[in-house]
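Count along the sequence shown from 1, then add 15; that gives the number in our numbering. C-beta atoms are modelled at their ideal positions from N, C-alpha and C, and glycine is treated no differently.
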Amino acid sequence: MSYQRVTGSLIALVIALSTAVPAQAQGLRDMQLFAPYNETTYGGMKKANEGFFFGFDTLVWSISTPDATTIGEYSEQGRVVWYGPNPEDTATQNNSHDTSIFTTDFVTGQRYEGGFIHGHQGLLFSAWRLNPQDQQIPTTHMTMVFDDQEWGGPLDYLHLDGYVDDLDTIIRPLPVSFATADIRNRVETWGLELMYMLRTNQTHNGGYFEFFGGARYLEFNDRFSLEAYGNLVPVTISGETVDGVVIIGYDEEGFPNDPDADQVFLYVGSLANSFWYQDADNRIVGPQIGARWFKSYGRWTLSTEGRFFAGYNAQSLRQTGTIASELNPNTGLLNEPSLPGHIPEANVPLALEATSFMHTRHKNEFTPGVELRLNLEWQWTRNISFGAGWTGLWMDNIARSSNLIDYQFGTSSLMGILADNNRQDVFIHGANFRIQLNR
16 MSYQRVTGSL IALVIALSTA VPAQAQGLRD MQLFAPYNET TYGGMKKANE
66 GFFFGFDTLV WSISTPDATT IGEYSEQGRV VWYGPNPEDT ATQNNSHDTS
116 IFTTDFVTGQ RYEGGFIHGH QGLLFSAWRL NPQDQQIPTT HMTMVFDDQE
166 WGGPLDYLHL DGYVDDLDTI IRPLPVSFAT ADIRNRVETW GLELMYMLRT
216 NQTHNGGYFE FFGGARYLEF NDRFSLEAYG NLVPVTISGE TVDGVVIIGY
266 DEEGFPNDPD ADQVFLYVGS LANSFWYQDA DNRIVGPQIG ARWFKSYGRW
316 TLSTEGRFFA GYNAQSLRQT GTIASELNPN TGLLNEPSLP GHIPEANVPL
366 ALEATSFMHT RHKNEFTPGV ELRLNLEWQW TRNISFGAGW TGLWMDNIAR
416 SSNLIDYQFG TSSLMGILAD NNRQDVFIHG ANFRIQLNR
């Protein structure tokens with residue numbers, strides 16, 4: 016759903032509904048925006064403004080991190096693998112990285128609020144959007160554990176079994192390691208609100224209460240990705256093919272090279288190169304209620320407000336990627352006698368070749384949320400004020416992408432989505448700096 020399209024439609028709805036208000040409620044006090052501030056109250060306390068109002072906020076907010084999880088299949092004891100150079104040389108390998116590397120980075124954004132009020136009743140529209148929180152962390156020497164299962168062939172190999180001797184007679188579990196990797200998490204979020212507003216009479220101490228009721232729509236879209244590369248190793252070749260496969264190698268920087276070059280660089284590793292991208296889109300809609308209290312002290316106005324919404328969360332979970340894009344398709348499992356013309360190769364998985372995958376799941380959740388605000392404003396002219404404040408938004412049962420990945424090499428598929436790991440709470444908060452007209 017497009018933020019711009021929905022926002023434009025709701026603004027048009029507010030304008031259409033506003034035609035029903037009396038003429039005296041329209042306009043910003045005859046549009047005298049720059050009329051000087053007048054503190055005179057004729058013996059009473061300052062009255063609240065009526066008519067159309069509008070506000071714009073610059074936001075500096077942070078988004079809480081997803082729950083920490085390993086990048087790889089969680090394992091207390093790890094996985095025993097061959098590390099060479101001798102066939103009997105083994106070591107225990109485990110996951111070297113987890114998602115605790117992500118932080119609650121602050122990002123900027125915008126919030127627009129407008130509406131009108133006449134007497135005790137009015138209409139309030141609000142739209143906000145944060146710029147993407149994008150964290151990309153390069154790393155080196157990354158190791159991983161997968162839930163490696165039998166691939167279902169006649170020899171019952173695991174996907175990561177391979178020859179570890181030059182004579183191709185000894186089979187051991189191969190390690191999974193990457194020379195370099197880019198770990199990335201990206202969050203995009205925005206929201207809309209449309210509410211009926213009821214304002215009370217001025218209280219004995221000069222303040223006002225406003226009560227809200229209406230609907231809220233919010234999107235929280237989260238992506239986790241990993242791009243992992245093997246070691247770049249120089250290889251001398253004669254001609255354009257190796258084992259019947261055209262070799263388009265890489266230069267020293269990892270860019271594709273000329274296939275007839277005398278020497279190229281190839282990515283080497285049991286799963287070189289591997290990429291996966293996990294998306295978790297949360298689309299939340301539901302009823303909302305709220306209240307606001309405000310009071311003026313001369314040019315200063317202090318306000319606090321709170322809102323609660325009960326949302327229906329339609330979650331779309333999608334995973335795409337490629338495992339071992341650099342594996343030579345004429346090695347590995349293709350050494351079986353029933354498949355002529357294929358050559359086994361040491362330190363290459365017997366039961367695996369370059370494989371792309373895509374998985375999708377859909378979940379429905381109840382997502383409650385609470386928003387709190389505190390603002391202080393200074394009246395510059397009769398109708399223009401400047402202010403600053405704090406906003407905090409908490410939501411529950413939000414899907415975060417990094418916790419959804421199933422690091423499994425199964426009999427019929429690679430990887431997968433852990434759809435039941437789709438419930439985390441999220442806290443978004445930070446400062447806002449505003450300009451308001453007639454509020």
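{"Query": "Cut-off 7 Å between Cβ atoms - residues of its own chain near residue 283, not counting five sequence neighbours on either side", "Result": "245, 246 and 248"}
{"Query": "Segment contact, 8 Å Cβ cut-off, at least three pairs: the segment 87 to 106 with the segment 146 to 166", "Result": "yes"}
{"Query": "Own chain residues within Cβ distance below 7 Å of residue 448, not counting five before or after", "Result": "72, 73 and 403"}
{"Query": "Boundaries of the beta strand (DSSP E) in which residue 198 is found, first to last residue", "Result": "192 to 214"}
{"Query": "Residue burial classification, residue 151 (beta-carbon count within 10 angstroms, cutoff 16)", "Result": "exposed"}
{"Query": "Spatially closest choice to residue 230 from 391, 173 and 140, by CA coordinates", "Result": "140"}
{"Query": "Segment contact, 8 Å Cβ cut-off, at least three pairs: the segment 417 to 435 with the segment 324 to 337", "Result": "yes"}
{"Query": "Nearest-angstrom beta carbon gap, residue 384 and residue 321 [assumed within contact, 8 Å]", "Result": "Not quite, the Cβ-Cβ distance comes to about 11 Å (not below 8 Å), so this is no contact."}
{"Query": "Which listed residue (407, 415 and 370) has its alpha carbon closest to that of residue 445", "Result": "407"}
{"Query": "Residue 320: first and last residue of the uninterrupted beta strand (DSSP E) it sits in", "Result": "315 to 338"}
{"Query": "Check whether residue 301 and residue 323 have beta carbons under 8 Å apart", "Result": "no"}
{"Query": "Top-ranked residue by Cα proximity to residue 291, from 431, 112, 52 and 115", "Result": "431"}
{"Query": "Three CB pairs or more closer than 8 Å across the segment 305 to 313 and the segment 433 to 442", "Result": "no"}
{"Query": "Sheet register partners of residue 133 (DSSP bridge)", "Result": "136"}
{"Query": "Through-space distance from residue 397 to residue 52, alpha-carbon basis", "Result": "4 Å"}
{"Query": "DSSP state of residue 116 mapped onto helix, strand, coil", "Result": "helix"}
{"Query": "Identified DSSP bridge partners for residue 378", "Result": "330"}
{"Query": "Beta strand (DSSP E) segment containing residue 161, residue limits", "Result": "Segment: none, residue 161 is in no beta strand (DSSP E) and carries neither H nor E."}
{"Query": "Collapsed DSSP secondary structure at residue 417 in the structure displayed", "Result": "helix"}
{"Query": "Exposure of residue 167, with buried meaning 16 or more beta-carbon neighbours within 10 Å", "Result": "exposed"}
{"Query": "Of the listed residues 100, 130, 285 and 287, nearest to residue 208 (C-alpha basis)", "Result": "130"}
{"Query": "Local Cβ density within 10 Å of residue 82, reported as buried at 16 or more and exposed below that", "Result": "exposed"}
{"Query": "Buried versus exposed call for residue 364 [16 or more other C-beta atoms within 10 Å across all chains shown]", "Result": "buried"}
{"Query": "Stretch-stretch touch, CB-based, cutoff 8 Å, three pairs: the segment 200 to 207 with the segment 366 to 384", "Result": "no"}
{"Query": "Distance CB(residue 242)-CB(residue 194) smaller than 8 Å", "Result": "no"}
{"Query": "For residue 303, the nearest candidate out of 210, 221 and 367 (CA to CA)", "Result": "210"}
{"Query": "Backbone secondary structure at residue 187 - three-state DSSP", "Result": "strand"}
{"Query": "Nearest candidate by alpha-carbon position, reference residue 391, set 316, 410 and 424", "Result": "316"}
{"Query": "Sheet register partners of residue 149 (DSSP bridge)", "Result": "201"}
{"Query": "Local conformation of residue 286 per DSSP, three classes", "Result": "coil"}
{"Query": "Assigned exposure category for residue 212 - 16 Cβ within 10 Å defines buried", "Result": "buried"}
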